[in-house]
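*Asks:* Quick note, the sequence shown lines up with residues 9 to 242 if you use my numbering.
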Amino acid sequence: MSARHRLIVGLDVPTVQEAERVVSTLGDSISFYKIGYQLAFAGGLEFARDLAMEGKQVFLDMKLLDIDNTVASAVENIARMGMTMLTLHAYPKAMAAAVKAAEGSGLCLLGVTVLTSMDKQDLSDAGYEYDPRTLVLKRAEQASMAGMGGVVCSAEEASAVRGIVGPKMAIVTPGIRPAGADKGDQKRVMTPADAIAAGSSHLVVARPIVKADEPKAAALAILAEMDEALAKQA
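1. For H210, count neighbouring C-beta atoms within 10 Å of its own C-beta (all shown protein chains included) and say buried if the count is 16 or more, exposed if not.
2. With a Cβ-Cβ cutoff of 9 Å, do L118 and L96 count as a contact?
3. At the level of alpha carbons, what is the spacing between V107 and M156?
4. Tell me G119's beta-bridge partners as DSSP assigns them.
5. What's the C-alpha gap between L15 and T78?
6. In angstroms, rounded to a whole number, what distance separates the CA positions of G174 and A226?
7. Give me the residue from L72, M234, F49 with the minimum Cα distance to P22.
8. Which same chain residues end up closer than 7 Å to V213 when comparing Cβ atoms and leaving out the 5 residues on each side of it in sequence?
9. Between the beta-carbon of L143 and the beta-carbon of C116, is there less than 9 Å?
10. Helix or strand or just coil, what does DSSP make of Y45?
11. Whose C-alpha, out of K64, V30, D20, is nearest the C-alpha of R12?
12. Just list the residues that DSSP pairs V212 with in beta bridges.
13. For A227, which of helix, strand or coil comes out of DSSP?
14. Hey, is A106 close to the ligand FMN, as in C-beta under 8 Å from one of its heavy atoms?
15. Please classify R88 as buried or exposed, where buried requires at least 16 neighbouring CB atoms within 10 angstroms.
16. Where R29 and G51 are concerned, what is the direct C-alpha to C-alpha distance, given to the nearest angstrom?
17. Short of 8 Å in beta carbon distance, which residues of its chain neighbour K224, apart from the five on each side in sequence? Order them along the chain.
18. Does DSSP classify M234 as helix, strand or coil?
19. Please tell me whether A166 and G207 are closer than 9 Å, where the distance is taken between their beta carbons.
20. Return the CA-CA distance between D76 and A148, expressed in angstroms with no decimal places.
21. Which class does V31 belong to by DSSP, given the choice of helix, strand or coil?
22. Would a C-beta distance cut-off of 9 Å place P186 and P216 closer than the cut-off?
23. With the cut-off set at 9 Å, would you say M91 and L68 are in Cβ contact?
24. If you compare alpha carbons, which of D139, I172, R141, S162 is closest to A153?
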């Protein structure tokens with residue numbers, strides 16, 4: 009896959025109208041978009057369907073976690089929407105239910121390992137005995153065993169995760185920041201080139217593109233950096 013099919017632009021904006029402006033500005037340079045909670049609860053689910061109908065790939069970042077039947081029912085409906093990727097928290101029972109519900113749909117299910125905004129102290133405060141890396145690797149292994157399409161982790165763990173899940177599973181990494189960019193609320197970040205070199209298959213970039221003075225120029229610069237990193241792997 010070229011960088012164009014690996015870069016996912018996060019539409020982390022408050023309204024569908026603003027999301028439409030971003031998509032229009034980026035034009036054909038971007039083919040893959042992420043829609044999360046903020047936009048989903050402002051009419052973003054219908055917008056996600058529209059994007060899919062227009063031939064765009066859509067990553068629906070819902071981070072599902074509930075009882076098995078509820079997860080399965082949600083996955084079935086999301087698959088019917090024509091989505092490309094869907095996240096759920098990487099809990100074994102939830103993943104097993106989702107995988108069964110998505111059979112035959114082509115929907116790529118992603119297990120969220122540890123949020124890139126969390127560090128060791130955050131996990132401890134939440135009651136986990138593991139450090140981020142250990143928990144990420146444990147959940148990556150469980151996602152692989154469950155038959156998931158991929159995992160979400162920080163690029164810092166991508167290389168180790170690739171060793172666990174093998175070459176075929178997607179490794180989707182948020183917390184991507186071009187050199188010199190503000191980290192914002194992210195704690196485990198990496199540049200696009202370094203993330204590709206570490207084994208990430210897809211990069212999620214929101215603020216460095218969406219909030220840039222020239223969003224298309226920012227996106228093209230990241231694509232160029234990714235293509236250069238991919239060429240070194242060839």
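Positions of the beta carbon are idealized from the N, C-alpha and C atoms, including for glycine.
Computed from a predicted model, the values in this text were never measured in an experiment.
*Replies:* In terms of the structure at hand:
1. Here residue 210 is taken as the residue at index 202 of the sequence shown, counted from 1. H210 should be labelled buried.
2. Locating residue 118 in the sequence shown gives position 110, counting from the first residue. Locating residue 96 in the sequence shown gives position 88, counting from the first residue. The Cβ atoms of L118 and L96 sit closer than 9 Å to each other.
3. Taking the sequence shown and counting its residues from 1, one reaches residue 107 at position 99. Taking the sequence shown and counting its residues from 1, one reaches residue 156 at position 148. Straight-line Cα distance between these residues: approximately 6 Å.
4. Within the sequence shown, residue 119 is the residue found at index 111, counting from 1. L96, V159.
5. Here residue 15 refers to the residue found at position 7 of the sequence shown. Here residue 78 refers to the residue found at position 70 of the sequence shown. Distance between the alpha carbons of L15 and T78: 31 Å.
6. For the purposes of this step, residue 174 is taken as residue 166 along the sequence shown, with counting starting at 1. For the purposes of this step, residue 226 is taken as residue 218 along the sequence shown, with counting starting at 1. Their Cα atoms are separated by approximately 32 Å.
7. Start at 1 with the first residue of the sequence shown, and residue 22 comes out as number 14. When C-alpha distances from P22 are compared across L72, M234, F49, the shortest belongs to F49.
8. Counted from its first residue, the sequence shown places residue 213 at position 205. Taking C-beta separations shorter than 7 Å and ignoring five residues to either side along the sequence, the partners of V213 in its chain run L15, V17, G18, I184, I230, following chain order.
9. Position 135 of the sequence shown, counting from 1, holds the residue named residue 143. Position 108 of the sequence shown, counting from 1, holds the residue named residue 116. Between L143 and C116, the C-beta gap is not smaller than 9 Å, which leaves the two residues out of contact.
10. Translated into the one-based positions of the sequence shown, residue 45 becomes position 37. Annotated three-state conformation of Y45 is helix, per DSSP.
11. As a first step, residue 12 is located in the sequence shown; it is residue number 4 there, counting from the start. The candidate whose alpha carbon is nearest that of R12 is K64.
12. For this step, residue 212 is matched to residue 204 along the sequence shown. Within the DSSP bridge table, the entry for V212 names I16 as partners.
13. Indexing the sequence shown from 1 puts residue 227 at position 219. Looking at A227 - three-state DSSP - the assignment turns out to be helix.
14. The ligand FMN is absent from the structure shown, which contains no ligands of any kind.
15. The residue given as residue 88 occupies position 80 in the sequence shown. Counting of Cβ neighbours within 10 angstroms places R88 among the exposed residues, the total staying below 16.
16. Here residue 29 refers to the residue found at position 21 of the sequence shown. Here residue 51 refers to the residue found at position 43 of the sequence shown. If I take the Cα positions, the gap works out to 15 Å.
17. Position 216 of the sequence shown holds residue 224. Non-local C-beta neighbours of K224 in its own chain, meaning closer than 8 Å and more than five positions away in sequence, comprise T33, L34, G35, S37, ordered along the chain.
18. Indexing the sequence shown from 1 puts residue 234 at position 226. DSSP places M234 in helix when its eight states are reduced to three.
19. Counting from one through the sequence shown, the residue named residue 166 turns up at place 158. Counting from one through the sequence shown, the residue named residue 207 turns up at place 199. Yes, they are a contact pair.
20. For the purposes of this step, residue 76 is identified with residue 68 of the sequence shown, where counting begins at 1. For the purposes of this step, residue 148 is identified with residue 140 of the sequence shown, where counting begins at 1. Straight-line Cα distance between these residues: approximately 20 Å.
21. Locating residue 31 in the sequence shown gives position 23, where the first residue counts as 1. The three-state secondary structure of V31, taken from DSSP, is helix.
22. As a position in the sequence shown, residue 186 is number 178, starting the count at 1. As a position in the sequence shown, residue 216 is number 208, starting the count at 1. Yes, the pair counts as a contact, with Cβ atoms nearer than the cut-off.
23. As a first step, residue 91 is located in the sequence shown; it is residue number 83 there, counting from the start. As a first step, residue 68 is located in the sequence shown; it is residue number 60 there, counting from the start. Taking 9 Å as the Cβ cut-off, M91 and L68 qualify as a contacting pair.
24. Here residue 153 is taken as the residue at index 145 of the sequence shown, counted from 1. According to the sequence shown, residue 153 is Met rather than Ala. Taking each of D139, I172, R141, S162 in turn and checking the Cα distance to M153, the smallest one comes out for I172.
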